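Chemist: Numbering (our numbering), first residue to last: 9 to 169.
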């Protein structure tokens with residue numbers, strides 16, 4: 009399985025490829041040697057992530073596929089419908105999926121998402137507007153939301169001096 013590492017403003021990203029799909033993108037706190045991508049698809053993923061962090065890309069168009077149950081796949085597909093620079097709540101996500109009693113199961117499926125940033129689980133927040141669980145750490149979730157808001161010119165953002 010080909011693997012690449014890419015340095016972002018908020019940590020090292022590990023990208024894995026399985027066949028002709030990107031199957032995993034995860035953020036790491038550990039340092040890794042950054043080497044050139046060994047496949048064209050890994051390079052495309054790196055290029056598009058660079059564009060995202062530079063504020064020049066809002067969606068990703070490389071092939072993705074991650075293992076999961078049918079329910080998890082439905083949840084992740086729903087995440088892909090959340091527009092850049094916006095947020096939704098777990099309750100809104102459950103209503104959108106026409107499964108209002110599945111809030112906890114949906115939150116658990118969001119937590120098992122292996123395609124960090126590309127399948128934007130960071131855009132889901134608590135019903136009271138609070139940041140809730142995020143595998144990459146809540147500070148990264150806040151950074152990603154602030155980044156997207158700054159690029160879109162919406163919401164409260166932190167001033168950069």
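Beta carbons: idealized from backbone N, C-alpha and C, even for Gly. Predicted model, so just to flag it, every value in this text is computed and none were measured.
Determine the closest residue to residue 151 out of 107, 19, 47 and 12, with distance taken between C-alpha atoms.
Modeler: When each option's Cα is compared against that of residue 151, the closest is 19.
Chemist: In this structure, does DSSP put residue 19 in helix, strand or coil?
Modeler: Correct three-state label for residue 19: strand.
Chemist: Quick one: is residue 162 buried, meaning 16 or more other Cβ sit within 10 Å of its Cβ, or exposed?
Modeler: It counts as exposed.
Chemist: Out of 105, 40, 117 and 159, state which residue places its alpha-carbon closest to the alpha-carbon of residue 77.
Modeler: For the residues 105, 40, 117 and 159, the minimum Cα distance to residue 77 belongs to 117.
Chemist: Would you say residue 131 and residue 97 are within 8 Å of each other, going by their C-beta atoms?
Modeler: In this structure, residue 97 does not lie closer than 8 Å to residue 131 by Cβ.
Chemist: Could you name the residues of the same chain whose beta carbon sits closer than 6 Å to that of residue 51, not counting the 5 residues immediately before and after it, in chain order?
Modeler: The answer, listed in chain order, is 45.
Chemist: Taking the straight line between their C-alpha atoms, what separation do you get for residue 109 and residue 35?
Modeler: Computed Cα separation, rounded: 31 Å.
Chemist: Straight-line CA distance for residue 40 to residue 11?
Modeler: Each residue's alpha carbon lies about 12 Å from the other.
Chemist: Mind listing, in chain order, the continuous alpha helix (DSSP H) runs of no fewer than 4 residues lying wholly within the segment 79-164?
Modeler: Runs found: 98-104, 111-119 and 146-160.
Chemist: Tell me whether residue 62 sits in a helix, a strand or coil according to DSSP, three-state version.
Modeler: Three-state DSSP puts residue 62 in coil, outside helix and strand.
Chemist: Would residue 93 and residue 33 qualify as a contact pair, given that the criterion is a beta-carbon distance under 8 Å?
Modeler: In this structure, residue 33 does not lie closer than 8 Å to residue 93 by Cβ.
Chemist: Roughly how far, in whole angstroms, is the beta-carbon of residue 54 from the beta-carbon of residue 90, given that I think they are within contact range, below 8 Å?
Modeler: Wrong, their Cβ atoms sit about 23 Å apart, outside the cutoff.
Chemist: Can you give me the C-alpha to C-alpha distance between residue 14 and residue 146, rounded to a whole angstrom?
Modeler: The straight-line gap from Cα to Cα measures roughly 21 Å.
Chemist: For the putative contact between residue 153 and residue 127, defined by C-beta atoms under 8 Å, what is the C-beta separation to the nearest angstrom?
Modeler: Going by Cβ atoms, the distance from residue 153 to residue 127 rounds to 15 Å, so no, they are not a contact pair.
Chemist: Is it right to say residue 103 is buried, meaning 16 or more other beta carbons lie within 10 angstroms of its own, or is it exposed?
Modeler: Counting Cβ neighbours within 10 Å, residue 103 comes out exposed, since fewer than 16 surround it.
Chemist: Under the rule that 16 or more other beta-carbon atoms within 10 Å means buried, what is residue 63, buried or exposed?
Modeler: Exposed is the call here.
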